[in-house]
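Shown next, in structure tokens, is the structure this report addresses.
There are 2 protein chains.
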Amino acid sequence: MPHDALILASSSPRRQELLTSMGIPFEVHPADVDEDVNGHPQEVVLLLAQRKAQALRPQFPHRYILAADTLVSLDGRIFGKPKDELVAQRMIQELQGKWHEVHSGVCLIAPGEEAADARHAMTKVHFAPLTEDEVSTYVASGEPFGKAGAYAIQGRAGMFVTEIIGSFSNVIGLPTALVRQMLISHRYPFQKEQVV
Amino acid sequence: MPHDALILASSSPRRQELLTSMGIPFEVHPADVDEDVNGHPQEVVLLLAQRKAQALRPQFPHRYILAADTLVSLDGRIFGKPKDELVAQRMIQELQGKWHEVHSGVCLIAPGEEAADARHAMTKVHFAPLTEDEVSTYVASGEPFGKAGAYAIQGRAGMFVTEIIGSFSNVIGLPTALVRQMLISHRYPFQKEQVV
Numbered sequence: 033m034p035h036d037a038l039i040l041a042s043s044s045p046r047r048q049e050l051l052t053s054m055g056i057p058f059e060v061h062p063a064d065v066d067e068d069v070n071g072h073p074q075e076v077v078l079l080l081a082q083r084k085a086q087a088l089r090p091q092f093p094h095r096y097i098l099a100a101d102t103l104v105s106l107d108g109r110i111f112g113k114p115k116d117e118l119v120a121q122r123m124i125q126e127l128q129g130k131w132h133e134v135h136s137g138v139c140l141i142a143p144g145e146e147a148a149d150a151r152h153a154m155t156k157v158h159f160a161p162l163t164e165d166e167v168s169t170y171v172a173s174g175e176p177f178g179k180a181g182a183y184a185i186q187g188r189a190g191m192f193v194t195e196i197i198g199s200f201s202n203v204i205g206l207p208t209a210l211v212r213q214m215l216i217s218h219r220y221p222f223q224k225e226q227v228v
Numbered sequence: 033m034p035h036d037a038l039i040l041a042s043s044s045p046r047r048q049e050l051l052t053s054m055g056i057p058f059e060v061h062p063a064d065v066d067e068d069v070n071g072h073p074q075e076v077v078l079l080l081a082q083r084k085a086q087a088l089r090p091q092f093p094h095r096y097i098l099a100a101d102t103l104v105s106l107d108g109r110i111f112g113k114p115k116d117e118l119v120a121q122r123m124i125q126e127l128q129g130k131w132h133e134v135h136s137g138v139c140l141i142a143p144g145e146e147a148a149d150a151r152h153a154m155t156k157v158h159f160a161p162l163t164e165d166e167v168s169t170y171v172a173s174g175e176p177f178g179k180a181g182a183y184a185i186q187g188r189a190g191m192f193v194t195e196i197i198g199s200f201s202n203v204i205g206l207p208t209a210l211v212r213q214m215l216i217s218h219r220y221p222f223q224k225e226q227v228v
């Protein structure tokens, strides 16, 4: 791991996989922040991504720090990670047959810069209509747990998603095209060797 | 492997992963067909998917047979798998900064049914503008080879894709929501146990 590896303020295995797919060396340092925030989905994810990145700034003043927060919203209501089977069941039951939104906030702090750069991505996702049996079977698979909105588009729930509009990696938890753009804006030294 | 596992007429590891993610047991039997077809993208993928499925029908008359074909099209021109670095370079150079289309044909033959059911999915994909260096570095990574349009959205090229409209799994090579719908239409016996 090079000395100047980016700091990823997230313990999510999906975010780590996406960052790996971009060919960017990183170290994982999950930030422990107060996640009890109210507001519009866009405000919530931006604020939480900022909190996470800023929590790590004192420890890593000379490194790129990247943080993200993702949530699902339906008709303005926010769906986070389900606490138990009943909540997961209700979330999927509400999502099926409808469009919903996935919001991510991404925050990047570059070495030597005062300001944190926080940006937002939103993807619209459409679920096919599901039978009660399909919902129960999906929840029983265990996949909904630990995922905002109680589903994983890269997992079994992928076959329930008929259409999306926007960034697909945002739905997994990290909008990689946005992250690339932000890194370029802040002169992140992409290296050719990373891509071999 | 149960006796009645579905037959997948494709050697693509991505299609196998997507079908695995759906929880469907299958056996792989790549079909060897003449792929030299001209026409509109939609016609080409439908015809090739049908050819692949029908090639396996005599060998597996009592099984579900699933075949697919995927290609990329830009302004009506068809981009298949690149033959060498130069072709890959040209394809990515053309795709960057623009919208293009990914077309898949899916063909399902159900046991005891005469007709093959062939359906089409199309996803619009937008690439960020790339520098020549980024294009060269991407081609040098080797990822473009064996992929229609010379890129893998689930790989390093994911960060070049700013937005999609349509099925995301279609861009990987198998539109899983469409496959689910076709299997339901033809009374495929989804089993609860498959989902544990």
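Chains as they are written, first to last, in my numbering: chain G, 33 to 228; chain Y, 33 to 228. Positions of the beta carbon are idealized from the N, C-alpha and C atoms, including for glycine.
Please say whether residue j and residue i have beta carbons closer to each other than 8 angstroms?
i                      : j                      : result
residue 157 of chain G : residue 131 of chain G : yes
residue 39 of chain G  : residue 59 of chain G  : yes
residue 100 of chain G : residue 205 of chain G : yes
residue 159 of chain G : residue 196 of chain Y : no
residue 148 of chain Y : residue 87 of chain Y  : no
residue 153 of chain G : residue 192 of chain Y : no
residue 98 of chain G  : residue 41 of chain G  : yes
residue 111 of chain G : residue 172 of chain G : no
residue 65 of chain G  : residue 83 of chain G  : yes
residue 138 of chain Y : residue 207 of chain Y : yes
residue 53 of chain G  : residue 188 of chain Y : yes
residue 214 of chain G : residue 162 of chain G : no
Kindly list the residues whose CB is nearer than 8 angstroms to the CB of residue i, restricted to its own chain and excluding five residues on each side of it in sequence; keep chain order.
i                      : result
residue 37 of chain Y  : 57, 58, 59 and 95
residue 30 of chain Y  : A query on residue 30 of chain Y cannot be resolved here, the shown segment of chain Y reaching from 33 to 228 and no further.
residue 165 of chain G : none
residue 74 of chain G  : 135, 137, 152 and 154
residue 212 of chain G : 54
Helix, strand or coil for residue i? Go by DSSP, reduced to three states.
i                      : result
residue 228 of chain G : With a pLDDT of only 40 at residue 228 of chain G, under the threshold of 50, the placement of this residue in the model should not be trusted; the figure read from the coordinates follows. DSSP places residue 228 of chain G in coil when its eight states are reduced to three.
residue 220 of chain G : coil
residue 175 of chain Y : coil
residue 140 of chain G : strand
residue 169 of chain G : helix
residue 30 of chain Y  : This structure leaves residue 30 of chain Y out entirely; chain Y is present only between 33 and 228.
residue 123 of chain Y : helix
residue 212 of chain G : helix
residue 163 of chain Y : coil
residue 49 of chain G  : helix
residue 206 of chain G : coil
residue 67 of chain Y  : coil
residue 84 of chain G  : helix
residue 145 of chain G : coil
residue 154 of chain Y : strand
Excluding five sequence neighbours on each side, which residues of the same chain lie with their C-beta closer than 7 angstroms to the C-beta of residue i?
i                      : result
residue 184 of chain Y : 175
residue 167 of chain G : 121, 124, 125 and 128
residue 43 of chain Y  : 60 and 62
residue 113 of chain Y : 178, 179 and 180
Got a sec: is the Cβ-Cβ distance from residue i to anything in chain G below 8 angstroms?
i                      : result
residue 212 of chain Y : yes
residue 129 of chain Y : no
residue 198 of chain Y : yes
Spatial neighbours of residue i within its chain, please: CB distance less than 6 angstroms, with the 5 preceding and 5 following residues excluded, ordered by chain position.
i                      : result
residue 76 of chain Y  : 69
residue 186 of chain G : 204
Between residue i and chain Y, is there a C-beta pair that is closer than 8 angstroms?
i                      : result
residue 201 of chain G : yes
residue 209 of chain G : yes
- prompt: Residues in the segment 183–196 of chain Y with C-beta within 8 angstroms of chain G's C-beta atoms, listed in sequence order?
  reply: 185, 186, 187, 188, 190, 191, 192, 193, 194, 195 and 196
- request: With 8 angstroms as the limit, tell me which residues of the segment 41–72 of chain G have their beta carbon closer than that to any beta carbon of chain Y; keep them in chain order.
  value: 50, 53, 54 and 55
- prompt: Which residues, in order along the segment 160–172 of chain Y, keep a beta-carbon less than 9 angstroms from a beta-carbon of chain G?
  reply: 160, 165, 166, 168, 169, 170 and 172
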